[in-house]
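Sequence order for the protein chains is A and R. Note that the numbering used here gives residue 244 to position 242 of the first sequence, counting from 1, and the numbers run on in steps of one. Note that the numbering used here gives residue 59 to position 57 of the second sequence, counting from 1, and the numbers run on in steps of one. Even glycine gets a Cβ: it sits at the ideal position worked out from N, Cα and C. First up is the structure itself, then whatever we jot down about it.
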Amino acid sequence: MNNRLVDKTLSAPITVTWEITTKCNLSCIHCLSSSGVKLKELSTTECFNLVDQLAELKVFRINFGGGEPFIRDDFMQLLDYANSKGIITCVSTNGTMLDEKLVDSFKKWGEDNFFIQVSLDGASKESNDRIRGKGTFEQIERVVKLLSNAQMEFTINTVLTSINYGELMDLYRFAKTNKAKLRVSRLRPSGKGKENWSELSLSREQMENFPKFLHAHDDVLTGDSFFFLTSASRQSLGLNMCGAAKLTCSIAPDGKIYPCPFLQEPEFEAGDIRNETFSNIWNNSSILDLFRHRNVDACRSCYRLDSCHGGCPAVGYYMSKSLNEPDPECIANKSTKFT
Amino acid sequence: MGSIIKLSPGVRVRKEDFGLIFYDAKKSDICLVRSGDSVLPCHLDGTYTRESLISMQPVVKQKSVVQLLESLQQKGLVCEQPLG
Chain A
3 MNNRLVDKTL
13 SAPITVTWEI
23 TTKCNLSCIH
33 CLSSSGVKLK
43 ELSTTECFNL
53 VDQLAELKVF
63 RINFGGGEPF
73 IRDDFMQLLD
83 YANSKGIITC
93 VSTNGTMLDE
103 KLVDSFKKWG
113 EDNFFIQVSL
123 DGASKESNDR
133 IRGKGTFEQI
143 ERVVKLLSNA
153 QMEFTINTVL
163 TSINYGELMD
173 LYRFAKTNKA
183 KLRVSRLRPS
193 GKGKENWSEL
203 SLSREQMENF
213 PKFLHAHDDV
223 LTGDSFFFLT
233 SASRQSLGLN
243 MCGAAKLTCS
253 IAPDGKIYPC
263 PFLQEPEFEA
273 GDIRNETFSN
283 IWNNSSILDL
293 FRHRNVDACR
303 SCYRLDSCHG
313 GCPAVGYYMS
323 KSLNEPDPEC
333 IANKSTKFT
Chain R
3 MGSIIKLSPG
13 VRVRKEDFGL
23 IFYDAKKSDI
33 CLVRSGDSVL
43 PCHLDGTYTR
53 ESLISMQPVV
63 KQKSVVQLLE
73 SLQQKGLVCE
83 QPLG
């Protein structure tokens, strides 16, 4: 991907991450959204209106998350509506509310238009349940079998932590056995992840060894979350830099727009869909503009700057309260401080 | 006879000031192409043949459009389908 073209403001994001609710039936200790926080969530009509705007702008894909999206009574209606407008949808779910009937109903959208990610945070009951709560391993195992038997293409999403790091191979095998892809996401110190950062974050040694695993298993997905670790072939996928405000942005349950789901702090609020159009926020927000032109001084002389653009602003921000700090978990910059 | 040129299955495209953005949902692959106004999303909806797409360009641009289409095909973003 030509990063210089991305530096210009696109007419609209490529994808948006939409946290449709903060409500959740689980209480995972690394959750980015501090699920349970009460917000005045967008109504069905407001959601439909926003989908209309995104469709008009030709946003390719909505990644729905939460909270647990399926906890909203109107969520299937919303998926239906977004798909009818030609937008690809992807849902990140804890899986606990899925049953055979619901899984079967996903098929109507077609495999190129609908994607589902189920969260699993350990290959064993002990590690997963320590993070996601008692009894969840068995529930997720059931859902994985359900999706596999239904011949759905799906992804198992694991947030890499010190607790499950040693089970990566087993998670990979579990996904393979169930005809799923494994996606490994990076832990961010936001939401509850902030409270439990010191317990859950990886050591430098673990972070340095993780690329070897990725190199040996090219079919493992990482999204953009490990951009400073990615091999050349992964970089060519265009996932080698933070896409916040350039390729994507985040919609909160109450309609507020942020550069990314990990930076839902008042100081990063780019706008409110209840007060202005999405297009106006995307094109005119000074917050989004700040992220588009973010430069990290300490990274200027780094040989990888053109690839990673300074790493994850969210991790940098939560660790230092500044957007001008390098990603503290960067393994190329030896001066960065791991916890 | 010729063949029509169209987006590969699962690939979407949109116009930007600099040209086109392609998005492959399955691979989460994004491709930004500096193509100006020579090729538009509507040209890839399966109603144009390769030949018609090239011949509608000014002569000076035809070579670059040929190269562009070849490159997009190599990347798997567009495909050709024989007519008839």
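Cβ-based neighbour list, residue i, same chain, cut-off 6 Å, excluding 5 preceding and 5 following
i      : result
A/D329 : G313, C314, V317, G318
A/R276 : G257
A/K110 : none
A/N4   : The predicted position of A/N4 is uncertain, since its pLDDT is 49 and thus under 50; a value taken from the coordinates is nonetheless stated next. For A/N4, where only same-chain residues beyond five positions count, there are no Cβ hits under 6 Å.
Limits of the beta strand (DSSP E) - the one that residue i falls within
i      : result
R/L9   : 5-9
A/T179 : Run containing A/T179: none in the beta strand (DSSP E); it sits in the alpha helix (DSSP H), 170-179.
R/M82  : According to the sequence provided, residue 82 of chain R is Glu. The question's Met does not apply to it. 80-84 is the span of the beta strand (DSSP E), which, as asked, contains R/E82.
A/D291 : Where A/D291 is concerned, there is no enclosing beta strand (DSSP E), although the alpha helix (DSSP H) it sits in stretches over 288-294.
A/K2   : One cannot answer for residue 2 of chain A here, as it falls past the ends of chain A, which runs 3 to 341.
A/C244 : Where A/C244 is concerned, there is no enclosing beta strand (DSSP E), given that its DSSP letter is neither H nor E.
R/L22  : 21-26
A/S94  : 90-95
Segment limits, alpha helix (DSSP H) that includes residue i
i      : result
A/P315 : 315-322
A/F77  : 77-86
R/L55  : 52-57
A/E21  : First-last for A/E21: 17-21, but that is the beta strand (DSSP E), not the alpha helix (DSSP H).
A/K214 : 206-218
A/D329 : Where A/D329 is concerned, there is no enclosing alpha helix (DSSP H), given that its DSSP letter is neither H nor E.
A/S309 : 307-310
Close Cβ partners of residue i (< 8 Å) along its chain, the five nearest in sequence each way excluded
i      : result
A/D54  : K87
A/N115 : N85, I90, T91
A/I95  : A quick correction: the sequence has Thr, not Ile, at residue 95 of chain A. Cβ neighbours of A/T95 beyond the five flanking positions: E70, P71, F72, I118, Q119, V120, S121.
Same chain, Cβ closer than 7 Å to residue i, five either side skipped, listed in chain order
i      : result
R/S10  : G78, L79, V80, C81
R/Q76  : none
A/R132 : I165
CB of residue i within 8 Å of CB of residue j, strictly
i      : j      : result
R/V13  : R/D26  : yes
A/L162 : A/R188 : yes
A/T19  : A/P263 : yes
A/I142 : A/L173 : no
A/R74  : A/I22  : yes
A/E331 : A/M154 : no
R/I7   : R/L46  : yes
A/V146 : A/I118 : no
A/R294 : A/T11  : yes
The ligand NAD heavy atom lying under 7 Å from the CB of residue i
i      : result
A/G193 : For the structure depicted, the ligand NAD is absent and the ligand set is empty, with no information on it obtainable.
Chain-ordered chain C contacts of residue i [CB-CB under 9 Å]
i     : result
R/G78 : The structure shown contains no chain C; its protein chains are A and R.
Would you list, in sequence order, the uninterrupted alpha helix (DSSP H) runs of no fewer than 4 residues that lie entirely inside the region 98-164 of chain A?
Qualifying alpha helix (DSSP H) stretches, in chain order: 102-108, 127-134, 138-151.
Compile a chain-ordered list of the residues in the region 273-292 of chain A whose CB is closer than 9 Å to at least one CB of chain R.
Within the region 273-292 of chain A, contact with chain R at the beta-carbon level (separation under 9 Å) is assigned to no residue.
Selection of the region 25-54 of chain R by Cβ proximity to chain A, strictly under 8 Å:
Taking 8 Å as the Cβ-Cβ cut-off, the region 25-54 of chain R approaches chain A at Y25, A27, K28, K29, S30, D31, I32, C33, L34, R36, given in chain order.
What residues from the region 148-180 of chain A come within 7 Å of chain R, judged by C-beta to C-beta, listed N to C?
Flagged: no residues at all.
Completely contained alpha helix (DSSP H) runs for the region 44-74 of chain A, where each covers 4 or more residues:
Taking only runs of at least 4 residues, the alpha helix (DSSP H) segments lying wholly in the region 44-74 of chain A are 46-58.
The region 46-61 of chain A: which residues have C-beta closer than 7 Å to a C-beta of chain R, in chain order?
For the region 46-61 of chain A, the set of residues with a beta-carbon nearer than 7 Å to any beta-carbon of chain R comprises K60, in chain order.
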